[in-house]
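Participant: Under the working numbering, the first residue of the sequence shown carries the number 7, and numbering increases by one thereafter.
All C-beta atoms, glycine included, are put in the ideal place defined by N, C-alpha and C.
Remember, predicted model here, so these are calculated numbers, not experimental data.
Input: one structure, supplied below.
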Amino acid sequence: MTNTATEPATPSRAAFIAGLVFFGCSLVFLGYLTVKLVQWVQDQQSVPISQVKLYGNFQHLDAKALQQRIQQEYVGNFFRVNVDQVQQFLQQQHWVYQVAVRKQWPDTLVVVVTEQQPVAVWNSEQLINNKGVVFDAPLEQLTTSLPLLHGPAGSAQDALNMFTNMQQLLQLHEFSVRQIWLTERFAWRLELADGLQLQLGREESLKRLQRFVELYPTMQQHKINAAMVEVDLRYDTGIAVRYGATETKRKT
């Protein structure tokens, strides 16, 4: 009679069984993490935006009113807030030049607004910013007095460049430009701060303006008992001066 004994498990078999147990535990743990992650995402999708942070150097915009409107109309939960819609809304507002909108975890909407920087009034109805771009905004909301520029459609940049050059030249001699006109025939006319108007014509406008500066002391010495209203510098030599009270023209 032969006795048969159960052979002990070999080391390789024991390792295989241990690997199966570890793999099974890993699957259970991974499933647990997946369930928790799904629950967490679902919870976060319902987390509301609790605050709107609005940044910018505001001179014309009512920052408080704008912030409240964003909060009321566009803020929902964190994942469902449409950043593009908020940005489009802001770009449609008066005085807004550029805007950036982003979400900040966990519950904040960050809005950065760059205001328009008006440098002149265009055709008494619109404004020109420091880039030479025309934009619409209520003129009564201006916080400073601006020069008045006039000209045909599409000529705002040319008018602004000419104004800048004229102002730089005249400021050296303590004159200041109040408004300038560019006519349909591309002739220039300007009005100084004291109301005196200068006719400069189409060509060599800055040279003619320089001639006015040089002749102004002589004009002051020979003026009559009336204020100068207009100086016509379109002559090749000399100028014509019109006085307010007598309506007399004198050619110098």
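Do you know offhand how far H228's Cα is from S182's?
Facilitator: Here the question's residue 228 lines up with position 222 in the sequence shown. Here the question's residue 182 lines up with position 176 in the sequence shown. Approximately 22 angstroms between the Cα atoms of the pair.
Participant: Within the continuous alpha helix (DSSP H) that includes K137, where are the two ends?
Facilitator: Locating residue 137 in the sequence shown gives position 131, counting from the first residue. Looking at the DSSP string, K137 is not in any alpha helix (DSSP H), and its letter there is neither H nor E.
Participant: Rounded to the nearest angstrom, what separates Y249 and Q163 at their Cα positions?
Facilitator: Position 243 of the sequence shown, counted from the first residue, corresponds to residue 249. Position 157 of the sequence shown, counted from the first residue, corresponds to residue 163. Each residue's alpha carbon lies about 33 angstroms from the other.
Participant: Once DSSP output is grouped into helix, strand and coil, what is the label at E79?
Facilitator: Here residue 79 is taken as the residue at index 73 of the sequence shown, counted from 1. DSSP places E79 in helix when its eight states are reduced to three.
Participant: Using a 10 Å radius around the Cβ and a threshold of 16 neighbouring Cβ atoms, would you call A165 buried or exposed?
Facilitator: Position 159 of the sequence shown holds residue 165. A165 should be labelled buried.
Participant: Ordered along the chain, which non-local residues of its own chain (more than five positions away) have a Cβ less than 8 angstroms from that of Q216?
Facilitator: Counting from one through the sequence shown, the residue named residue 216 turns up at place 210. The beta carbon of Q216 lies closer than 8 angstroms to those of L175 in the same chain, with the five residues before and after it left out.
Participant: Per DSSP, which residues does Q57 bridge with? Please list them.
Facilitator: By 1-based counting over the sequence shown, the position of residue 57 is 51. T114, per the DSSP bridge assignment.
Participant: Counting only the same chain and skipping the five closest in sequence on each side, list residues whose C-beta sits under 8 angstroms from that of F35.
Facilitator: Within the sequence shown, the letter at position 29 stands for residue 35. Taken in chain order, the list of residues that qualify is empty.
Participant: Under 8 angstroms between the Cβ atoms of V107 and V81?
Facilitator: Numbered from 1 along the sequence shown, position 101 holds the residue referred to as residue 107. Numbered from 1 along the sequence shown, position 75 holds the residue referred to as residue 81. Going by C-beta atoms, V107 is not nearer than 8 angstroms to V81.
Participant: Using the DSSP secondary-structure output, state which residues sit across from Q104 in a beta bridge.
Facilitator: By 1-based counting over the sequence shown, the position of residue 104 is 98. Its beta-bridge partners are T120.
Participant: Provide the residue span of the beta strand (DSSP E) that contains Q98, from first to last.
Facilitator: Indexing the sequence shown from 1 puts residue 98 at position 92. Boundaries cannot be given for Q98, as no beta strand (DSSP E) includes it and DSSP labels it neither H nor E.
Participant: Can you grab the Cα-Cα spacing for the pair Q147 / Q226, in whole Å?
Facilitator: To locate residue 147, count along the sequence shown from 1; it is residue 141. To locate residue 226, count along the sequence shown from 1; it is residue 220. In a straight line, the C-alpha of Q147 is about 39 angstroms away from that of Q226.
Participant: Quick check on the DSSP output: the beta strand (DSSP E) that includes E180 runs from which residue to which?
Facilitator: Along the sequence shown, read from residue 1 onward, the residue named residue 180 stands at position 174. Looking at the DSSP string, E180 is not in any beta strand (DSSP E), and its letter there is neither H nor E.
Participant: Given a threshold of 16 other Cβ atoms within 10 Å of its Cβ, counted over all protein chains shown, does P223 qualify as buried or as exposed?
Facilitator: Here the question's residue 223 lines up with position 217 in the sequence shown. Looking at its Cβ environment, which holds fewer than 16 other Cβ atoms inside 10 Å, P223 is exposed.
Participant: Where does I23 fall in DSSP's three states?
Facilitator: Here the question's residue 23 lines up with position 17 in the sequence shown. Three-state result, I23: helix.
Participant: Alpha carbon to alpha carbon, how far is K70 from L145?
Facilitator: In the sequence shown, counting from the first residue as 1, residue 70 sits at position 64. In the sequence shown, counting from the first residue as 1, residue 145 sits at position 139. Rounded to whole angstroms, K70 to L145 spans 21 angstroms at the Cα level.
Participant: Could you give the DSSP three-state label for Y249: helix, strand or coil?
Facilitator: The count along the sequence shown starts at 1 and reaches residue 249 at position 243. Note: Y249 maps to strand in three-state DSSP.
Participant: Determine the closest residue to H100 out of W128, Q177, D68, with distance taken between C-alpha atoms.
Facilitator: The residue given as residue 100 occupies position 94 in the sequence shown. Measuring from the Cα of H100, the nearest candidate turns out to be D68.
Participant: Considering only the alpha carbon of each residue, which of V125, V27, N83, L60 lies closest to P112?
Facilitator: Translated into the one-based positions of the sequence shown, residue 112 becomes position 106. Of the candidates V125, V27, N83, L60, the one whose C-alpha sits nearest the C-alpha of P112 is N83.
Participant: Please report the Cβ distance between P117 and V105, rounded to the nearest whole angstrom; I am assuming they are in contact, meaning their Cβ atoms lie under 8 angstroms.
Facilitator: On the sequence shown, position 111 is the one that residue 117 refers to. On the sequence shown, position 99 is the one that residue 105 refers to. Per the sequence shown, the amino acid found at residue 117 is Val instead of Pro. Between V105 and V117 the Cβ distance is about 7 angstroms, and since that is below 8 angstroms, they are a contact.
Participant: Jot down the residue ranges of each uninterrupted beta strand (DSSP E) in the segment 180-216, minimum 3 residues, whole runs only, in chain order.
Facilitator: 183-188, 194-198, 203-207
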